[in-house]
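Chemist:
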Amino acid sequence: AKAFIWGGDIIYADTDDVSKIERYYNELSSIEGYAELAAKMPISGTWDDHDYGLNDGGSEFSVKAQSKEALFSFLNVPADDPSRNREGVYRKQMLIHGNHKVDVLHLDTRYFRSALTEGTDGKRYQPNPYGQGTILGDAQWQWLEEKIARSNADLIVINSSIQLLSAEHPFEKWNNMPHERDRLIELIDSSAIPVVVISGDRHISEFSVLPRSETRSNPLLDFTSSGLTHAYRGFSGEPNPLRVNSVVSEVSFGILDIDFGNRHIKGYIVGDQLQVLESIQLEF
Numbered sequence: 004a005k006a007f008i009w010g011g012d013i014i015y016a017d018t019d020d021v022s023k024i025e026r027y028y029n030e031l032s033s034i035e036g037y038a039e040l041a042a043k044m045p046i047s048g049t050w051d052d053h054d055y056g057l058n059d060g061g062s063e064f065s066v067k068a069q070s071k072e073a074l075f076s077f078l079n080v081p082a083d084d085p086s087r088n089r090e091g092v093y094r095k096q097m098l099i100h101g102n103h104k105v106d107v108l109h110l111d112t113r114y115f116r117s118a119l120t121e122g123t124d125g126k127r128y129q130p131n132p133y134g135q136g137t138i139l140g141d142a143q144w145q146w147l148e149e150k151i152a153r154s155n156a157d158l159i160v161i162n163s164s165i166q167l168l169s170a171e172h173p174f175e176k177w178n179n180m181p182h183e184r185d186r187l188i189e190l191i192d193s194s195a196i197p198v199v200v201i202s203g204d205r206h207i208s209e210f211s212v213l214p215r216s217e218t219r220s221n222p223l224l225d226f227t228s229s230g231l232t233h234a235y236r237g238f239s240g241e242p243n244p245l246r247v248n249s250v251v252s253e254v255s256f257g258i259l260d261i262d263f264g265n266r267h268i269k270g271y272i273v274g275d276q277l278q279v280l281e282s283i284q285l286e287f
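Here our numbering is used: the first residue of the sequence shown is 4, the next is one more, and so on.
#1: Secondary structure at Asp225, three-state DSSP: helix, strand or coil?
#2: On the criterion of 16 or more Cβ atoms from any shown chain inside 10 Å, does Ser249 qualify as buried, or is it exposed?
#3: List in chain order: all unbroken beta strand (DSSP E) runs of 3+ residues lying wholly within the segment 170-224.
#4: Enumerate in chain order the residues of its own chain whose CB-to-CB distance from Phe238 is below 6 Å, with the five nearest sequence positions on each side excluded.
#5: Go through its chain and collect everything with a Cβ distance to Gln69's Cβ below 6 Å, but skip five positions before and after it.
#6: At the level of alpha carbons, what is the spacing between Arg184 and Ile138?
#7: Answer yes or no: do Ser163 and Ser193 have a C-beta to C-beta separation smaller than 7 Å?
#8: Within 7 Å of any Cβ in chain B, is that where the Cβ of Pro85 sits?
#9: How many whole angstroms separate the CB atoms of Asp84 and Arg94, which I take to be in contact at a CB cut-off of 8 Å?
#10: Do Thr120 and Asn131 count as a contact pair if the criterion is CB distance below 7 Å?
#11: Would you grab the beta carbon distance between Ile268 and Ile261 for me? Rounded to a whole angstrom, and I think it's under 8 Å.
#12: Determine the direct distance from the alpha carbon of Gly140 to that of Phe64, and round the result to whole angstroms.
#13: Less than 7 Å separating the beta-carbons of Lys126 and Pro181?
#14: Which partner residues does Gly270 have in the DSSP bridge list?
#15: Taking only three categories from DSSP, how would you classify Gln276?
#16: The alpha helix (DSSP H) that contains Ser70, what's its start and end?
#17: Ignoring anything shorter than 4 residues or poking outside the segment 87-171, list the alpha helix (DSSP H) runs there in chain order.
#18: Is Lys71 near Asp157, with beta carbons less than 7 Å apart?
#19: Using a Cβ-Cβ cut-off of 7 Å (strictly less than) and excluding sequence neighbours within five positions of Leu74, which residues of its own chain qualify?
#20: What is the residue span of the beta strand (DSSP E) that Ile8 lies within?
#21: What is the residue span of the beta strand (DSSP E) that Ser47 lies within?
#22: May I have the straight-line CA-CA distance separating Ile8 from Ala152, to the nearest angstrom?
#23: My understanding is that Leu108 touches Ile159, with C-beta atoms under 8 Å, so please give their C-beta distance in whole angstroms.
#24: Can you name the start and end residues of the alpha helix (DSSP H) that Val254 belongs to?
#25: Compare the beta carbon distance of Ser282 and Arg246 with 7 Å and say whether it is the shorter of the two.
#26: Determine the burial state of Arg89: buried for a count of at least 16 other Cβ atoms within 10 Å of its Cβ, exposed for fewer.
#27: Span of the alpha helix (DSSP H) holding Leu40?
#28: To which residues of the same chain is Gly264 closer than 8 Å at the C-beta, ignoring the five residues directly before and after it?
#29: Excluding sequence positions up to five away, which residues of its chain have a Cβ less than 6 Å from the Cβ of Tyr235?
#30: Between the beta-carbon of Glu175 and the beta-carbon of Ile165, is there less than 7 Å?
#31: Based on the DSSP output, what are the partners of Val247 in its beta bridges?
Shown next as structure tokens:
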């Protein structure tokens, strides 16, 4: 079983003109290679700020409901999917491979997100005071807790547009609301099912891993894959104590290869010429 998952910034719309957002999605859909991909496997995902329509945007965006409709139309989300009848684009996708199941939980880090705190000394953002603000909002948190508690899958993949584990850079990240980051990590640690996080946003790719602990039976991987067509080629380094291997700052895509028999996951960061730039293997 194969699936292609968008981690956000599918298009660079950066506009509150929804017709323009729709046009960009249509242009992408009409690319020959993309149409070939869509014929071979299911395509799903979530948004980030540039396809949402507002750079680093959150709950304040005026046309977020219409932008959601444009995204769901592009992703061919079924009309009877429960996510159609609620605010935000968070939804569950089930992938089946023989007798094995993977629950993909696509998060929405935009629709409900409250204000960030501007940084100092030339840094874009600094963390909010602990306890102030939300990334997911109450309804989405309740949904996520329920989906994790009730999962009967072999593995849960959480698709978060922004990085969960890398916590020290000055850009968007879960640690801009550290209480929300702690809450998600604690929720993952409480899961009876192994969890992997995938993220995007950064124009760099890297693996971040939280090691096993008294509360964490498996290492937690945050696999950042970004981006397909644009890369932060001028990247000169940033602190991330949880990074494994090196940052990739050229165009790439990520592969998550799940071996149910041997119960391990292989992650590959793959370059434009199909060369493996970095890889990792973890048990689950």
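Glycine included, C-beta positions come from ideal geometry on N, C-alpha and C.
Modeler: Inspection of the coordinates gives the following:
#1: Translated into positions along the sequence shown, residue 225 becomes position 222. Three-state DSSP puts Asp225 in a strand.
#2: The residue you call residue 249 lines up with position 246 of the sequence shown. By the neighbour-count rule (16 or more Cβ atoms within 10 Å), Ser249 is not buried but exposed.
#3: 198-202, 208-213
#4: Mapped onto the sequence shown, residue 238 falls at position 235. Ile207, Ser252, listed in sequence order.
#5: Counting from 1 along the sequence shown, the entry for residue 69 is found at position 66. Correct list, in chain order: Val21.
#6: Along the sequence shown, one-based indexing puts residue 184 at 181. Along the sequence shown, one-based indexing puts residue 138 at 135. Their backbone Cα atoms lie some 9 Å apart in a straight line.
#7: On the sequence shown, position 160 is the one that residue 163 refers to. On the sequence shown, position 190 is the one that residue 193 refers to. Not in contact: Ser163 and Ser193 (Cβ atoms no closer than 7 Å).
#8: In the structure shown, chain B cannot be found, because there is only a single protein chain.
#9: Along the sequence shown, read from residue 1 onward, the residue named residue 84 stands at position 81. Along the sequence shown, read from residue 1 onward, the residue named residue 94 stands at position 91. With 8 Å as the limit, Asp84 and Arg94 qualify as a contact, their Cβ atoms being about 6 Å apart.
#10: Residue numbering aside, residue 131 sits at position 128 when the sequence shown is read from its first letter. Residue numbering aside, residue 120 sits at position 117 when the sequence shown is read from its first letter. Contact flag set, yes.
#11: Position 265 of the sequence shown, counted from the first residue, corresponds to residue 268. Position 258 of the sequence shown, counted from the first residue, corresponds to residue 261. Rounded, the Cβ-Cβ distance is 6 Å, consistent with contact.
#12: As a working note, residue 64 is residue 61 in the sequence shown. As a working note, residue 140 is residue 137 in the sequence shown. Roughly 15 Å separates the two Cα atoms.
#13: In the sequence shown, the residue the question calls residue 126 occupies position 123. In the sequence shown, the residue the question calls residue 181 occupies position 178. Cβ atoms of Lys126 and Pro181: not closer than 7 Å.
#14: Walking along the sequence shown from the start, residue 270 turns up at place 267. For Gly270, which the question treats as bridged, DSSP gives the partners Leu259, Ile283.
#15: Taking the sequence shown and counting its residues from 1, one reaches residue 276 at position 273. Three-state result, Gln276: coil.
#16: Within the sequence shown, residue 70 is the residue found at index 67, counting from 1. From DSSP, the alpha helix (DSSP H) with Ser70 extends over 67-78.
#17: 141-153
#18: For this step, residue 71 is matched to residue 68 along the sequence shown. For this step, residue 157 is matched to residue 154 along the sequence shown. Against a cut-off of 7 Å, the Cβ pair of Asp157 and Lys71 comes out as no contact.
#19: Taking the first residue of the sequence shown as position 1, residue 74 is located at position 71. Closer than 7 Å at Cβ, skipping near neighbours: Trp50, Asp54, Val92.
#20: Here residue 8 is taken as the residue at index 5 of the sequence shown, counted from 1. Segment 7-9, the beta strand (DSSP E) holding Ile8.
#21: What you label residue 47 is simply residue 44 of the sequence shown in a count that begins at 1. It spans 46-48 - the beta strand (DSSP E) in which Ser47 sits, taken as one unbroken run.
#22: As a position in the sequence shown, residue 8 is number 5, starting the count at 1. As a position in the sequence shown, residue 152 is number 149, starting the count at 1. Approximately 23 Å between the Cα atoms of the pair.
#23: For the purposes of this step, residue 108 is identified with residue 105 of the sequence shown, where counting begins at 1. For the purposes of this step, residue 159 is identified with residue 156 of the sequence shown, where counting begins at 1. So it is a contact: roughly 6 Å between Cβ atoms.
#24: As a first step, residue 254 is located in the sequence shown; it is residue number 251 there, counting from the start. Val254 -> no alpha helix (DSSP H), and no H or E assigned at all.
#25: For the purposes of this step, residue 282 is taken as the residue at position 279 of the sequence shown. For the purposes of this step, residue 246 is taken as the residue at position 243 of the sequence shown. Against a cut-off of 7 Å, the Cβ pair of Arg246 and Ser282 comes out as no contact.
#26: The residue labelled residue 89 in the question sits at position 86 within the sequence shown. Burial call: exposed.
#27: Translated into positions along the sequence shown, residue 40 becomes position 37. Segment 35-43, the alpha helix (DSSP H) holding Leu40.
#28: Counting from one through the sequence shown, the residue named residue 264 turns up at place 261. Here the set comprises nothing.
#29: Along the sequence shown, one-based indexing puts residue 235 at 232. Taken in chain order, the residues that qualify are His206, Ile207, Ser252.
#30: For the purposes of this step, residue 175 is identified with residue 172 of the sequence shown, where counting begins at 1. For the purposes of this step, residue 165 is identified with residue 162 of the sequence shown, where counting begins at 1. Yes, the Cβ-Cβ distance between Glu175 and Ile165 is below 7 Å.
#31: Within the sequence shown, numbered from 1, the residue matching residue 247 stands at position 244. According to DSSP, Val247 bridges with Phe210.
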